[in-house]
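Below: one structure, written as structure tokens.
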Amino acid sequence: MLLNQTPRASLRIASSSTQKVRHASLMRRPKRPYTFTQLVTLSDGSTFVQRTTSPQPVYRSTKDVRNNPLWNPSSQKLLNIEEDEAGRLKRFRGRFGRGWDAEAVAGAEEVRDGEEALAPEESEESLLDLIANYGNEADAEGKAAGKKEDVKSSGKGKGGQK
1 MLLNQTPRAS
11 LRIASSSTQK
21 VRHASLMRRP
31 KRPYTFTQLV
41 TLSDGSTFVQ
51 RTTSPQPVYR
61 STKDVRNNPL
71 WNPSSQKLLN
81 IEEDEAGRLK
91 RFRGRFGRGW
101 DAEAVAGAEE
111 VRDGEEALAP
121 EESEESLLDL
131 IANYGNEADA
141 EGKAAGKKED
151 VKSSGKGKGG
161 QK
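What the sequence shown shows, in the UniProt record's numbering, is residues 1 to 162, in sequence order.
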């Protein structure tokens with residue numbers, strides 16, 4: 001055999017590639033929801049139009065930047081508004097007293113006639129005493145958490161006295 005003639009089997013190059021073929025993939029458009037035109041009415045009666053996904057055509061705002069003391073801290077008519085939604089403030093005061101009110105803090109700083117003002121350390125101690133004595137008051141009433149009444153067991157299971 002001549003040198004320039006070689007058997008065909010030895011010249012065959014591996015046609016299968018070890019690399020993966022990646023074709024261009026279809027990129028879908030992002031889905032955008034339909035937006036409706038909505039008329040927003042603020043608490044003072046002013047209105048504006050906005051686009052929103054809410055299908056409600058008219059929105060009446062009860063709490064907004066016009067009647068909120070955080071947005072209008074200098075407004076005198078909003079200064080002492082204290083709304084008690086669902087009686088939460090009343091329940092809080094019934095449970096913890098009025099010591100957390102801003103008015104009570106301002107009043108405690110003033111010296112009342114004939115009384116001396118408490119030092120900040122003493123007022124903190126009185127608060128800690130109040131918290132520490134909370135469990136002791138429940139013990140005195142016999143309603144402490146974790147204490148159970150003695151139940152006579154009949155010895156026939158978990159039910160206790162039958």
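C-beta atoms are modelled at their ideal positions from N, C-alpha and C, and glycine is treated no differently.
Could you round the C-beta distance between residue i and residue j to whole angstroms and report it? I think they count as a contact, below 8 Å.
i	j	result
Asn67	Ser43	5 Å
Please say whether residue j and residue i have beta carbons closer to each other than 8 Å?
i	j	result
Ser61	Val40	yes
Asp84	Lys90	yes
Ser25	Gln38	no
Thr35	Thr52	yes
How is residue i classed by DSSP in three states: helix, strand or coil?
i	result
Tyr59	strand
Arg66	coil
Leu127	helix
Arg51	strand
Arg89	For clarity, residue 89 is Leu in the given sequence; the question names Arg instead. Residue state, collapsed to three classes: helix.
Going by beta carbon distance, what residues of the same chain come within less than 8 Å of residue i, once the five residues before and after it are set aside?
i	result
Leu79	Pro69
Leu127	Gly99
Count the other CB atoms within 10 Å of the CB of residue i; is the residue buried (16 or more) or exposed (fewer)?
i	result
Met27	exposed
Arg32	exposed
Cutting at 6 Å between CB atoms, please list the residues of its own chain near residue i, excluding the five before and the five after it.
i	result
Val65	Trp71
Val58	Leu39
Lys20	none
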